[in-house]
Ligand code: SAM
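Listed below in structure tokens is the structure:
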């Protein structure tokens, strides 16, 4: 069955452009696109990749920056997508990343209800190791926001977790991002029992002192080595209890976090905010508004989706924007209610986090 797709030629009058919401079978409206620009990475985090033995996507199979911008344009023009996050692998290892950001920053989100159009919000998730040299060019190209991953503030442990002795570069990269005017700068920490669970308060203090929001991510079953077990997951409740004992906290906003993956908390003494992304214990699938495009052009409606919809083939065979929009609608229409980690029916996707795009 063909899904009805709005058909229109690209409107020559931007102020008259209309978009249609991209709605799935559960009524969730999608407005956030995650683009993996590469599956390669300069780190080998133990919870993500093996030290050796990853098979990389051949270069010819990666979507070019022109192709990525074309697909992103369909999401923004047709479906009113408001935000695009670049990830990977490690996005900064792909050459000339600012060229892509510059292309994406030209995309205008059609205004709704008579509001004027506005530039799409562009964000990046990175391990931060190259930001001292890259941050300025990324910001100049149109990057607004950045999340830097850092799982330990101790050099030996950072080395053990990432298999790279780069803690100093990452911390300097966080400073470089702030100096380049990227805002907000958030620091993502994968919290693992028995690995870095004794650093929760150190990270909270780090965030308070540097003026960045630290967000703890629950460990998910997306590691390439399939070593994940539930007892390694440091839960949101445990994380918050530990931090609140040192720095009392209160929730930010209403009980509902909307489509925001992080539960937000503020320090009662005005020291800023901390967040937890409780993907395992309090999954946010009910309000999920994101779609993922892998580096080789597969559309995935969920990190844990078992199926993917190919866009690269149609793109390279001359598909129109209309054709691409139809594939997108078909993919999102079939999105499931949510992942079922910890349920007997849960099946891991065959691809790992770095191959899908975290
Ligand atoms: N290389 C970039 C980085 O380090 O941020 C972007 C890609 S990385 C896959 C994106 C995020 O996913 C990082 O914050 C990383 O720590 C997180 N991540 C990777 N594997 C994970 C897992 N099994 N569970 C939870 N988070 C994971």
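In this note's numbering, the protein residues as written are 379 to 736.
Here a beta-carbon is modelled for each residue, glycine too, at the ideal position from N, C-alpha and C.
Just so it is clear, the structure is predicted and the values come from calculations on it, not from any experiment.
Endpoints, beta strand (DSSP E) assigned at residue i
i: residue 414; result: 410 to 416
i: residue 425; result: Per DSSP, residue 425 belongs to no beta strand (DSSP E) and is neither H nor E.
i: residue 404; result: Note, residue 404: premise wrong, no beta strand (DSSP E); not H, not E.
i: residue 664; result: That residue, residue 664, is in no beta strand (DSSP E); it is neither H nor E in DSSP.
i: residue 557; result: Element bounds for residue 557: not the beta strand (DSSP E) but the alpha helix (DSSP H), 545 to 557.
i: residue 596; result: 591 to 596
i: residue 523; result: 523 to 527
Residue range of the alpha helix (DSSP H) that includes residue i
i: residue 732; result: 731 to 734
i: residue 579; result: 578 to 588
i: residue 514; result: 509 to 519
i: residue 534; result: 533 to 540
Collapsed DSSP secondary structure at residue i in the structure displayed
i: residue 653; result: strand
i: residue 681; result: coil
i: residue 371; result: With the chain running from 379 to 736 in the structure shown, residue 371 is simply not present.
i: residue 481; result: helix
i: residue 503; result: strand
i: residue 687; result: strand
i: residue 432; result: coil
i: residue 570; result: strand
i: residue 695; result: coil
i: residue 674; result: coil
i: residue 361; result: Residue 361 is absent from the model: the chain starts at 379 and stops at 736.
i: residue 611; result: strand
i: residue 704; result: helix
i: residue 440; result: coil
i: residue 606; result: coil
Beta-carbon separation (whole angstroms), residue i vs residue j, contact threshold 8 Å
i: residue 461; j: residue 410; result: 5 Å
i: residue 590; j: residue 611; result: Not quite, the Cβ-Cβ distance comes to about 24 Å (not below 8 Å), so this is no contact.
i: residue 676; j: residue 688; result: 6 Å
i: residue 400; j: residue 447; result: Not really, about 18 Å apart at Cβ, beyond 8 Å.
Distance cut-off 8 Å: residue i Cβ against heavy atoms of the ligand SAM
i: residue 425; result: yes
i: residue 680; result: no
i: residue 596; result: yes
i: residue 572; result: no
i: residue 735; result: yes
i: residue 456; result: no
i: residue 714; result: no
i: residue 669; result: no
i: residue 421; result: yes
i: residue 469; result: yes
i: residue 608; result: no
i: residue 568; result: yes
i: residue 575; result: no
Residues bridged to residue i [DSSP beta-bridge criterion]
i: residue 643; result: 629, 652
i: residue 445; result: DSSP, once it has assigned bridges, lists no residue as partnering residue 445.
i: residue 466; result: 416
i: residue 486; result: 497
i: residue 668; result: 410
Cβ-heavy atom distance, residue i to the ligand FAD, below 8 Å
i: residue 526; result: Ligands present in the displayed structure are limited to the ligand SAM, and the ligand FAD is not among them.
Cβ of residue i within 9 Å of any chain C Cβ
i: residue 590; result: No chain C appears in this structure, which consists of one protein chain only.
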